[in-house]
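Read through the structure below, which is laid out as structure tokens, and then see the notes.
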Amino acid sequence: MADFVSRVWLFRAGFFLLAGAAGFVQLLPLDIGPDDWVPGQELVLVMAFAWVVRRPEYVPALLLAAVFLVADILFMRPPGLWAALVVLAGEFLRGRRARAFAATLFAEWLLIAIVLLVMKAVETMMLLLSGAGHAGMDVTIMHLGLAILFYPVVVLLSERVLGIRKLHPGDRERS
Numbered sequence: 039m040a041d042f043v044s045r046v047w048l049f050r051a052g053f054f055l056l057a058g059a060a061g062f063v064q065l066l067p068l069d070i071g072p073d074d075w076v077p078g079q080e081l082v083l084v085m086a087f088a089w090v091v092r093r094p095e096y097v098p099a100l101l102l103a104a105v106f107l108v109a110d111i112l113f114m115r116p117p118g119l120w121a122a123l124v125v126l127a128g129e130f131l132r133g134r135r136a137r138a139f140a141a142t143l144f145a146e147w148l149l150i151a152i153v154l155l156v157m158k159a160v161e162t163m164m165l166l167l168s169g170a171g172h173a174g175m176d177v178t179i180m181h182l183g184l185a186i187l188f189y190p191v192v193v194l195l196s197e198r199v200l201g202i203r204k205l206h207p208g209d210r211e212r213s
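Structure below.
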């Protein structure tokens, strides 16, 4: 039991540190091209979704909210809008976890793509309704496409490198 609890907290801290590292790299004043082409926060988002589908206890809603609220503030986005959408999408995926056991990677990828599309559409509508500035559609579509394309890569890295696999009902936690 203690091994399981320490493993959960280790992965929570790991998620927090990976998200922080992605944000730090994105904020560095490196001249590697246009600022809009680096999808750092989208990679954190697909990592969060991959972990929520596989092991939801590793990424609780409060951790998602905290990480993406800090990202909203650091990247000067409307505070809380994207964080709220991420938490809602994460809880939607967490609720569908029972059905995700039998799903293939392609079906899971399609579900994540639909969730990401809905999230971006809601964010764009909310920003348009409030009159807040938002990125152009070309940047939005590029980031969305990269996030969708990178999802299987993030899943494979999470499974192969970090050992974050789906636990089926009846499976026991391995330390």
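Each residue of the sequence shown is one higher than the one before, starting from 39 at the first, in my numbering. Cβ coordinates follow ideal geometry from the N, Cα and C atoms, glycine included.
Inset, instruction - With a threshold of 8 Å, establish whether the CB of residue 102 neighbours any heavy atom of the ligand NAD. - result: Among the ligands in the structure shown, none appear at all, so the ligand NAD cannot be discussed.
Legend entry - Delimiting residues of the alpha helix (DSSP H) encompassing residue 190: 175 to 198
Inset, instruction - Within 10 angstroms of the Cβ of residue 106, are there 16 or more other Cβ atoms? Answer buried if so, exposed if not. - result: buried
Legend entry - Separation of residue 51 from residue 44, as counted between CA atoms: 10 Å
Inset, instruction - Could you tell me whether the stretch 109 to 116 touches the stretch 89 to 98, using the rule of 3 or more Cβ pairs below 8 Å? - result: Using a Cβ-Cβ distance cut-off of 8 Å, the stretch 109 to 116 and the stretch 89 to 98 are not in contact, since fewer than three pairs of beta carbons, one from each stretch, lie closer than that value.
Legend entry - Among 129, 169, 120 and 154, nearest to residue 189 - alpha-carbon criterion: 154
Inset, instruction - Assign residue 179 to one of two classes, buried (16 or more other C-beta atoms within 10 Å of its C-beta) or exposed (fewer than that). - result: In this structure residue 179 is exposed. Its beta-carbon is surrounded by fewer than 16 other beta-carbon atoms within 10 angstroms.
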